[in-house]
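Read through the structure below, which is laid out as structure tokens, and then see the notes.
Numbering (the working numbering), first residue to last: 645 to 740.
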């Protein structure tokens with residue numbers, strides 16, 4: 645599926661920061677597909693770095709949603725370190 649700029653909506657850049665910024669600017673129709681693809685390809689630490697580097701609340705919301713999806717999909721909640729749990733909590737609280 646092509647997005648508004650004629651790019652493949654499922655193909656995400658290798659840089660998670662670019663992927664999040666593209667997702668925030670993407671047409672509404674392709675956001676859910678991009679969010680799903682990002683949650684399948686990103687790592688938690690990369691997502692945290694993106695959220696910490698971008699104060700935009702839309703970026704924070706995307707990262708929090710994706711991190712939550714990663715935790716659910718990969719069942720990491722039980723094995724995450726205390727530090728990571730605190731970082732997830734902080735990011736989610738910033739969205740609220």
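Where a beta carbon is used, it is the ideal one built from N, C-alpha and C, also for glycine.
Looking at C-alpha atoms only, which residue of the options is the closest neighbour of residue i?
| i | options | result |
| --- | --- | --- |
| residue 659 | 691, 674, 675 and 670 | 691 |
| residue 728 | 662, 663, 687 and 670 | 687 |
| residue 781 | 733, 679 and 668 | Missing from the structure shown is residue 781; the chain here goes from 645 to 740 and no further. |
| residue 713 | 675, 679 and 674 | 679 |
| residue 731 | 696, 674 and 665 | 696 |
Tell whether a beta-carbon distance below 8 Å holds between residue i and residue j.
| i | j | result |
| --- | --- | --- |
| residue 736 | residue 708 | yes |
| residue 682 | residue 670 | no |
Could you round the C-beta distance between residue i and residue j to whole angstroms and report it? I think they count as a contact, below 8 Å.
| i | j | result |
| --- | --- | --- |
| residue 738 | residue 704 | 5 Å |
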